[in-house]
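See below for the structure under consideration.
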Amino acid sequence: MRFDEYHPSEIPPKPGVYMFRDRFGKVIYVGKARDLRRRLGNYFQPSRKRTGDAKLRSLINSIAEWSFTVVRNEDEALLLESQLIKSYAPHYNILMRDDKRYLLLKVDLSEKFPTINLARLKKPDNARYYGPFPHGTALKTTREFLLSHFGLRGCKSSEPDLETRKHCLKKLVQDCCAPCTGNVSEEEYRARLNAALTVLDGDIAPVKEAIKAKMLAASSAGKYELAARYRDAAANIDAVFGHRNRIFENPSLPDQLFPPGEQGIRALAQRLGLKTLPRKIICFDISNILGTLAVASMVTFTNGRPDRQAYKRFRIKTVTQSDDFAMMREAVSRHFGRLLAEKRPFPDLLMVDGGKGQLSSAVAALISVNAPPLPLISLAERNEEIFIPGRADPIVLDRHDHALRLLQSVRDEAHRFAITYHRQLREKRIQSSMLDDIPGVGEIRKRQLLRAFGSLARLKRADAAEISIRVPGIGKAVAEKIVETLK
């Protein structure tokens, strides 16, 4: 569009990337926005040409055409902006740049014992690069887990020897296969590396199954914090290497990078034989560790995009055992029972994360509240199979199908939302449990302390006098015990 064709109503208030071109059609600036309408409005205010700084005034006066691309979230906006800037090298991005670069993963296969390294720049050195990844902390944590899980070296030497071994910390925790000692051959080490590379390429199902087995073993042994760490590791692998986070190489084609929601909606209606377009889709997922702190999430997608204001989360109340089916039945029945009681409209499509068992639980839940029939499916993650009530065989779509990609986005978002809620509850329980070891602090006083200070972190910063003043009934002696224990 030309610079003088700006109409705010035509720009959605959604995350995205925008580009400015000069009168010769050359890209001069690429930007990202959480809210495209608000961000672009800043450039088109008449006063900006007078009150902006010199660089901004120069940019605005050079704009002849502009365009924008809507994406699903801020992470995609960050990545797409980075790719477009590298592709076009716009003049004003170079002028205003902040040298922000996202982390990459690098594997140099020419080394004798290759490993997974972090990098900021992609160099023409024939190494394999993966990324960029916007969440640096999750990436670093996941890299450390993969090195440990597959027994890869973490040292800087590409040909470690016994001298390298003297300065190695991994020998203490024994999570390296120790090529420095000749413990494994080059062929055996390469087999470990190739298994790790399949994860980096997006095939995360086998490693997630292995993590799940370790988590269950740790839980059975009463090592719940270890089990929680395995659960977090699986969530990080999903977030970093899952199919919806793969990085594509053609940033100049945003419509191919992120299929418009309308394409996915129409394709989904056709694949499932729906009578109406699934404009509103809701999805349920369950998160727990052997039945403890069990929660359910419900996410809503409207017109193919997340509708976060309609998200809901549930604490499971009636199920105390590790029974995902019963938990799914409770969450679905509670939500639809409320919709019926309040006479609110139903979604166009109900989806649950899982296979036939979760699907049957959802059907039973709808029957229990006398809900009218509505389209219902489940999506099983292992082979991305779509199950429908009354149909024995699943529907398997091509992995590039817009319908499947829409369902995957909905399922992954429900999984993320459930994991986040479960982790929050777990962290609160860990913090609260620290107070249980203090003599004289029972359940009532524990609640009073947390209510007065808001969090354990703030309580740790308080001295005995402040605790005595802010919490009636706690004397100086107990307050000093609290300070001593927490510090």
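For the sequence shown, the positions run 9 to 495 when my numbering is used. For glycine and all other residues, C-beta sits at the position ideal for the given N, C-alpha and C.
Other residues of its chain near residue i: CB distance less than 8 Å, five sequence neighbours each side excluded
i, result
"threonine 284", "Ala277, Asp356"
"tyrosine 429", "Ser295, Val303, Ser305, Arg321"
"histidine 495", "Per the sequence shown, the amino acid found at residue 495 is lysine instead of histidine. These residues qualify, in order along the chain: Lys468."
"leucine 111", "Leu126, Ala127, Arg128, Gly139, Pro140, Phe141, Gly144, Leu147, Lys148"
"proline 21", "Asp43, Leu44, Arg45, Arg46"
"isoleucine 36", "Phe28, Arg29, Asp30, Leu67, Ser70, Ile71, Pro98, His99, Tyr100"
"glycine 483", "Ser476"
"glutamate 393", "Gly363, Leu387, Pro402, Ile403, Val404"
"lysine 174", "none"
Own chain, CB closer than 6 Å to residue i, minus 5 neighbours either side, in chain order
i, result
"alanine 243", "Ile427"
"valine 192", "Cys185"
"isoleucine 93", "Val38, Asn101"
"glycine 362", "Ser386"
"glycine 448", "Val486"
"phenylalanine 309", "Ile289, Val418"
"alanine 388", "Gly363"
"leucine 208", "Tyr138"
"leucine 282", "Pro383"
Rounded distance between the beta-carbons of residue j and residue i, thought under 8 Å
i, j, result
"alanine 241", "phenylalanine 153", "5 Å"
"leucine 155", "glycine 162", "5 Å"
"glycine 24", "valine 78", "4 Å"
"isoleucine 212", "aspartate 246", "7 Å"
"valine 340", "leucine 374", "7 Å"
When the options are compared against residue i, the one with the closest alpha-carbon
i, options, result
"isoleucine 273", "Gln416, Ser66, Leu112, Glu492", "Gln416"
"serine 227", "Tyr238, Ala218, Leu347", "Tyr238"
"arginine 337", "Thr150, Arg31, Gly365, Gly448", "Gly365"
"isoleucine 446", "Arg173, Ala487, Ser55", "Ala487"
"proline 98", "Leu86, Leu113, Lys114, Gly33", "Gly33"
"glutamine 317", "Val307, Lys325, Asn50", "Val307"
"arginine 80", "Arg413, Leu160, Arg173", "Arg413"
"valine 248", "Tyr232, Gly230, Lys216", "Lys216"
"alanine 473", "Ser463, Ala465, Glu492, Arg459", "Glu492"
"proline 381", "Asn50, Tyr137, Phe354", "Phe354"
"threonine 172", "Phe158, Thr189, His157", "Thr189"
"isoleucine 396", "Ala135, Leu384, Gly210", "Leu384"
"glutamate 509", "Gly210, Leu160, Gln271, His343", "In the structure displayed, the chain extends from 9 to 495; residue 509 sits before or after that span and is not available."
"alanine 204", "Thr123, Ala41, Glu119, Gly450", "Thr123"
"proline 187", "Leu234, Asp133, Phe121", "Phe121"
"valine 360", "Phe292, Phe158, Arg390, Asp133", "Phe292"
"glutamine 432", "Ser463, Gln91, Ala41, Asp183", "Ser463"
"glutamine 271", "Val115, Ser90, Glu73, His408", "His408"
"glutamine 91", "Tyr26, Glu451, Lys489", "Tyr26"
"isoleucine 452", "Gly481, Lys114, Ala199, Val371", "Gly481"
Closer than 8 Å to chain B by CB, residue i
i, result
"phenylalanine 249", "Annotation note: the requested chain B is absent from the structure, which comprises a single protein chain."
For residue j and residue i, the rounded distance between their alpha carbons
i, j, result
"arginine 279", "alanine 411", "7 Å"
"proline 262", "alanine 225", "Reliability of the predicted coordinates at proline 262 is poor, the pLDDT of 43 falling under 50, and the value obtained from them is presented with this limitation in mind. Computed Cα separation, rounded: 44 Å."
"isoleucine 18", "serine 369", "It is glutamate, not isoleucine, that sits at residue 18 in the sequence shown. Each residue's Cα considered, the two are about 43 Å apart."
"arginine 313", "arginine 287", "10 Å"
"proline 259", "threonine 328", "Residue confidence for proline 259 is low, a pLDDT of 36 falling below 50, so the modelled location carries little weight and cannot support an answer."
"leucine 301", "methionine 335", "12 Å"
"arginine 424", "glutamate 84", "16 Å"
"threonine 150", "phenylalanine 28", "37 Å"
"tyrosine 96", "lysine 164", "35 Å"
"valine 377", "alanine 422", "23 Å"
"alanine 135", "serine 166", "14 Å"
"glycine 230", "methionine 223", "11 Å"
"phenylalanine 344", "glutamate 82", "31 Å"
"asparagine 202", "leucine 117", "10 Å"
"proline 214", "lysine 131", "31 Å"
"arginine 399", "tyrosine 51", "54 Å"
"isoleucine 324", "histidine 15", "47 Å"
"aspartate 332", "leucine 234", "21 Å"
"aspartate 61", "serine 75", "23 Å"
"leucine 86", "leucine 170", "44 Å"
Same chain, Cβ closer than 7 Å to residue i, five either side skipped, listed in chain order
i, result
"isoleucine 219", "Tyr238, Ala241, Ala242"
"valine 8", "Since the first and last residues shown for the chain are 9 and 495, residue 8 lies out of range."
What are the start and end residues of each continuous alpha helix (DSSP H) run of 4 or more residues lying completely inside the segment 155-204, in chain order?
Taking 4 residues as the shortest admissible run, the segment 155-204 contains the following complete alpha helix (DSSP H) segments, listed from N- to C-terminal end: 170-174, 178-181.
Suppose only complete runs of 3+ residues qualify. What are the beta strand (DSSP E) ranges in the segment 267-319, listed by chain order?
As far as the segment 267-319 is concerned, its whole beta strand (DSSP E) runs of at least 3 residues are 288-297, 300-310.
My parser needs the beta strand (DSSP E) runs of 3 or more residues fully inside the segment 327-390; what are they?
Runs found: 357-361, 384-388.
Quick one: which unbroken alpha helix (DSSP H) runs of 4-plus residues sit fully inside the segment 49-97? Chain order, please.
Note on the segment 49-97: whole alpha helix (DSSP H) runs with a minimum of 4 residues are 56-59, 62-70, 82-96, in chain order.
Write down every uninterrupted run of the alpha helix (DSSP H) in the segment 213-255 whose length is 4 residues or greater and which is fully enclosed by it, in chain order.
Taking only runs of at least 4 residues, the alpha helix (DSSP H) segments lying wholly in the segment 213-255 are 213-228, 232-249.
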